[in-house]
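A quick write-up on the structure given underneath.
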Ligand code: 2M8
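In this note's numbering, the protein residues as written are 6 to 450.
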């Protein structure tokens with residue numbers, strides 16, 4: 006593959022990114038990081054493929070196709086497909102026991118929930134780097150499984166046919182401890198957590214958690230929140246990961262704005278893929294896709310987009326980065342775009358490092374704590390794409406440059422960065438940071 010001609014420091018940074026991806030390569034899958042995340046994650050693999058396409062499009066295609074190994078007979082593609090590894094992961098197969106309810110296409114163990122449907126976007130980006138015949142072959146292998154996944158999202162998760170799919174766990178949103186999800190999740194905390202909380206004793210739980218061995222606990226979600234998320238997994242397990250049963254439990258159900266925004270775009274890409282190989286999208290799915298696009302308009306108040314509680318249909322009025330993704334989806338009405346761009350580029354979100362995951366003036370904002378404030382390279386990438394599609398080319402370019410700069414400032418390829426000083430946090434040698442850096446450095450991102 007041709008390597009872009011870059012100034013020496015950026016060429017060296019790109020080499021570091023390539024070596025991070027090589028170090029995390031497990032064959033035809035890439036783990037998000039060597040220690041904290043030793044398996045395959047759905048949306049991570051998509052962002053990783055978007056970077057890998059510049060190194061080896063066939064390897065990038067393999068990354069995407071390998072997600073189909075985890076597909077359930079009902080069409081779900083799980084959020085984690087467990088790799089054969091002895092590395093410890095805190096929410097491993099024993100928490101889910103999905104093998105008791107189903108088998109996956111490739112026999113791998115998996116979780117029982119999904120993640121943002123970035124597959125079609127990644128596939129189209131990878132396809133763009135291939136010859137016509139290679140692309141046709143890749144799309145033909147991917148299409149049947151991908152179609153079934155999109156159909157499953159509607160059949161299983163939009164039972165009332167209102168166009169918005171519901172999520173059953175914050176892990177499905179990918180933004181694990183975002184304030185929106187934590188507010189609706191905390192009331193179902195296990196009794197022990199609630200009791201300890203009353204005496205301000207979250208710390209007592211710290212010793213019991215395993216994820217914070219790799220990363221300081223104040224850079225991750227609180228122990229109380231983590232144990233609540235484990236509890237929800239238990240409820241999902243008892244409900245056989247079946248939405249009809251889950252609905253009858255205490256599990257919070259959210260029509261997540263970012264997930265649905267990504268779905269809008271994914272549906273469009275799925276149509277592109279279908280058209281290219283002479284396949285037809287079934288009328289029912291086409292109708293659902295139209296509805297999702299329209300229903301995004303129900304999530305907005307005074308120009309701000311929110312997620313919604315599936316049961317009560319009330320908006321969850323937390324402003325977070327999730328509400329900026331309608332720009333990426335292309336669903337923001339033209340007369341509202343200026344206002345949204347102003348919000349994104351205001352100091353509430355925007356710094357010379359990128360876009361904060363929670364506005365800086367929000368009481369929940371913590372600059373180095375996971376999805377509660379830090380900036381994330383994948384979010385910067387999505388928002389830059391949205392700015393570009395609405396013709397805000399300068400802002401898109403600034404954001405991309407700032408993202409490269411913040412990664413360059415430490416070279417460790419951190420999982421996330423403080424929007425206040427650009428310091429890295431979370432895991433390092435993090436795959437999507439490395440992959441998207443490679444993409445940002447390519448001329449044709
Ligand atoms: C984080 O989530 C996982 C659970 O899925 C975890 O904390 O163990 C999130 O940042 C998620 O968006 C990401 O896909 C995953 C792997 O990078 O890590």
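Every residue gets a Cβ at the ideal spot worked out from N, C-alpha and C, and that includes glycine.
Check: residue i C-beta below 7 Å from any heavy atom of the ligand 2M8
i           : result
residue 216 : yes
residue 133 : no
residue 112 : no
residue 96  : yes
residue 37  : yes
residue 386 : no
residue 104 : no
residue 56  : no
residue 46  : yes
residue 179 : yes
residue 101 : no
residue 49  : yes
residue 176 : yes
residue 245 : no
residue 42  : yes
residue 155 : no
residue 59  : no
residue 84  : yes
Length of the line joining the Cα atoms of residue i and residue j
i           : j           : result
residue 166 : residue 158 : 11 Å
residue 179 : residue 287 : 29 Å
residue 223 : residue 145 : 45 Å
residue 238 : residue 11  : 46 Å
residue 73  : residue 203 : 45 Å
residue 366 : residue 353 : 6 Å
residue 419 : residue 232 : 25 Å
residue 131 : residue 142 : 12 Å
residue 300 : residue 389 : 24 Å
residue 303 : residue 252 : 22 Å
residue 15  : residue 36  : 24 Å
residue 171 : residue 250 : 14 Å
residue 402 : residue 112 : 43 Å
residue 368 : residue 309 : 18 Å
residue 155 : residue 272 : 8 Å
residue 85  : residue 29  : 16 Å
residue 54  : residue 45  : 12 Å
residue 209 : residue 312 : 32 Å
residue 100 : residue 87  : 12 Å
residue 292 : residue 315 : 20 Å
residue 27  : residue 8   : 17 Å
residue 225 : residue 375 : 5 Å
residue 229 : residue 196 : 11 Å
residue 92  : residue 398 : 43 Å
residue 297 : residue 264 : 11 Å
residue 285 : residue 276 : 8 Å
residue 147 : residue 183 : 32 Å
Residues bridged to residue i [DSSP beta-bridge criterion]
i           : result
residue 86  : 45 and 115
residue 120 : According to DSSP, which records beta bridges pairwise, residue 120 is partnered with nothing at all.
residue 356 : 359
residue 430 : 421
residue 30  : 35
residue 260 : 313
residue 380 : 361 and 422
Neighbour flag for residue i against chain D, beta carbons, 8 Å
i           : result
residue 421 : Absence of chain D from the displayed structure is noted, only one protein chain being present.
Segments of 3+ residues assigned as beta strand (DSSP E) that fall wholly inside the region 300-325: 312-314
For the region 140-186, which segments carrying the alpha helix (DSSP H) assignment without a break, of at least 4 residues, lie completely within its bounds, in sequence order? 175-178
Can you list, in chain order, the stretches of the beta strand (DSSP E) that have 3 or more residues and sit fully within the region 232-259? none
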